[in-house]
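In full-length UniProt numbering, the protein residues as written are 1 to 296. Beta carbons are placed, not taken as given, at the ideal position from N, Cα and C, and that holds for glycine. Keep in mind that this is a model prediction, so the values were computed, not measured. Here is the structure we will look at, set down as structure tokens.
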Amino acid sequence: MYTLQNEKLKIAVKKIGAELCKITSVKHHTKFMWDANPDVWGSHAPNLFPIIGALKNNTYIFEGTEYHLPKHGMIRNNTNIELHEQTENSLTFKLIYSEDTLKIYPFKFEFYITYTLKDSNIEITHTIKNCDTKTMYFSVGGHPAFKCPIYNDEKYDDYVLEFEHTENAETHLINMENGLISPKTKPIFNNTNILPLKHDLFNEDALIFKDLKSKKVILKSNIHGEVLSFNYHDFDYLGIWAKPEGDYVCIEPWLGIADNEDTNQDLKTKEGILKLAANKTFKASYSIEIHNKDLA
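See below:
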């Protein structure tokens with residue numbers, strides 16, 4: 001585990017999966033990340049690459065050949081990730097293609113993720129290099145889980161997500177048997193920017209939004225006020241999720257999405273897939289800003 005600290009925050013990142021696992025206020029030791037209770041959901045903030053969510057039968061096709069990847073790809077829980085660079089205020093981890101990765105993902109790549117701590121802000125930057133001679137197809141995203149409620153005098157229902165713009169949006173429903181995106185939708189926002197958090201909100205799995213106007217959302221307590229802001233300007237899709245029995249909420253920025261039920265499994269035509277030309281580099285960032293009074 002590697003740590004960064006300034007006068008306001010301390011963060012920790014696990015080497016395995018390069019997973020952000022702690023955000024703690026220095027002054028009052030308030031914890032903002034979910035504790036990864038294995039009886040509920042045993043992760044903190046998985047990193048998603050080169051797919052988001054589930055593939056149909058864990059399988060995709062590239063140029064006539066079948067390949068197999070687990071849900072969310074190969075970074076999550078990966079023990080081969082290495083610390084690439086550490087500075088006073090940043091940590092950068094890397095995974096470089098190998099003979100093993102080429103068996104499941106036929107591209108020569110370098111994947112870097114950098115955590116930068118500045119004041120009360122944590123920026124998470126994904127850098128992906130195509131080291132191959134052919135165009136590379138991929139998705140990338142985050143899955144951070146924030147503790148909710150934060151304080152002992154609160155309950156889950158005291159929290160809301162406040163979006164920067166008024167929204168009229170539907171969630172794209174997930175087939176809970178296979179994790180694929182069904183053609184069905186369900187209204188969530190009706191001319192509002194407030195999403196009240198309730199455990200039963202996630203009885204049908206994640207909320208998946210494809211067309212939000214907002215690129216910023218605030219986790220807010222009706223008792224103690226704003227907890228944190230989440231900025232995701234580089235990302236096209238947003239997932240909101242928790243286990244129904246879990247005292248946390250995941251705010252998930254995605255460039256890509258799980259397979260649709262009617263997919264032909266061709267990676268090149270997969271919804272949301274990104275293309276990166278040979279020898280080119282791609283970057284995308286999101287950030288978490290802690291607003292809490294405990295930093296004062």
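Those residues which DSSP pairs with residue i across a bridge
{"i": "E289", "result": "N121, S229"}
{"i": "T185", "result": "H172"}
{"i": "G142", "result": "N47"}
{"i": "G239", "result": "I208, E252"}
{"i": "A258", "result": "Per DSSP, none; premise fails for A258."}
{"i": "E167", "result": "T192"}
{"i": "D266", "result": "I61"}
{"i": "N130", "result": "F109"}
Nearest candidate by alpha-carbon position, reference residue i, set the options
{"i": "Y137", "options": "A18, E63, S25, K213", "result": "E63"}
{"i": "H172", "options": "T166, F209, Y156, T192", "result": "F209"}
{"i": "D124", "options": "Y237, E7, N231, D236", "result": "The question names Asp, but residue 124 in the sequence shown is Ile. Closest by alpha carbon: N231."}
{"i": "D236", "options": "E245, D259, G272", "result": "G272"}
{"i": "E85", "options": "G246, K15, I174", "result": "K15"}
{"i": "L117", "options": "L228, E245, N191, N89", "result": "N89"}
{"i": "D119", "options": "S25, A145, K134", "result": "S25"}
{"i": "T263", "options": "N57, N37, L48", "result": "N57"}
{"i": "N152", "options": "Y286, L295, G141, T30", "result": "T30"}
{"i": "E7", "options": "K129, D157, K27, I23", "result": "K27"}
{"i": "K213", "options": "H68, F189, K134", "result": "F189"}
{"i": "G141", "options": "I257, T133, L102, K280", "result": "I257"}
{"i": "K215", "options": "N203, L161, T59", "result": "L161"}
{"i": "V227", "options": "I174, Y67, A206, D294", "result": "D294"}
{"i": "K108", "options": "C131, I122, T92, K243", "result": "C131"}
Separation of residue j from residue i, as counted between CA atoms
{"i": "D39", "j": "Y248", "result": "13 Å"}
{"i": "M33", "j": "A145", "result": "6 Å"}
{"i": "E289", "j": "D100", "result": "37 Å"}
{"i": "D200", "j": "K155", "result": "14 Å"}
{"i": "S182", "j": "N168", "result": "20 Å"}
{"i": "F282", "j": "Y105", "result": "18 Å"}
{"i": "I96", "j": "W41", "result": "28 Å"}
{"i": "E19", "j": "S98", "result": "21 Å"}
{"i": "D35", "j": "C21", "result": "8 Å"}
{"i": "L69", "j": "T192", "result": "38 Å"}
Assigned exposure category for residue i - 16 Cβ within 10 Å defines buried
{"i": "L83", "result": "exposed"}
{"i": "P196", "result": "exposed"}
{"i": "E177", "result": "exposed"}
{"i": "I223", "result": "exposed"}
{"i": "Y114", "result": "Note on identity: in this sequence residue 114 is Thr, with Tyr being the wrong assignment. Counting Cβ neighbours within 10 Å, T114 comes out buried, since at least 16 surround it."}
{"i": "I194", "result": "exposed"}
{"i": "D211", "result": "exposed"}
{"i": "D157", "result": "exposed"}
{"i": "E252", "result": "buried"}
{"i": "N292", "result": "buried"}
{"i": "P149", "result": "buried"}
{"i": "M74", "result": "buried"}
{"i": "G239", "result": "buried"}
{"i": "G53", "result": "buried"}
{"i": "P50", "result": "buried"}
Near the ligand NAD: residue i beta-carbon under 7 Å from a heavy atom
{"i": "Q5", "result": "This structure lacks the ligand NAD; in fact it carries no ligand of any kind."}
Residue ranges of each beta strand (DSSP E) run of no fewer than 3 residues wholly in the segment 1 to 85, ordered along the chain?
-> 2 to 5, 9 to 14, 19 to 25, 59 to 62, 65 to 68
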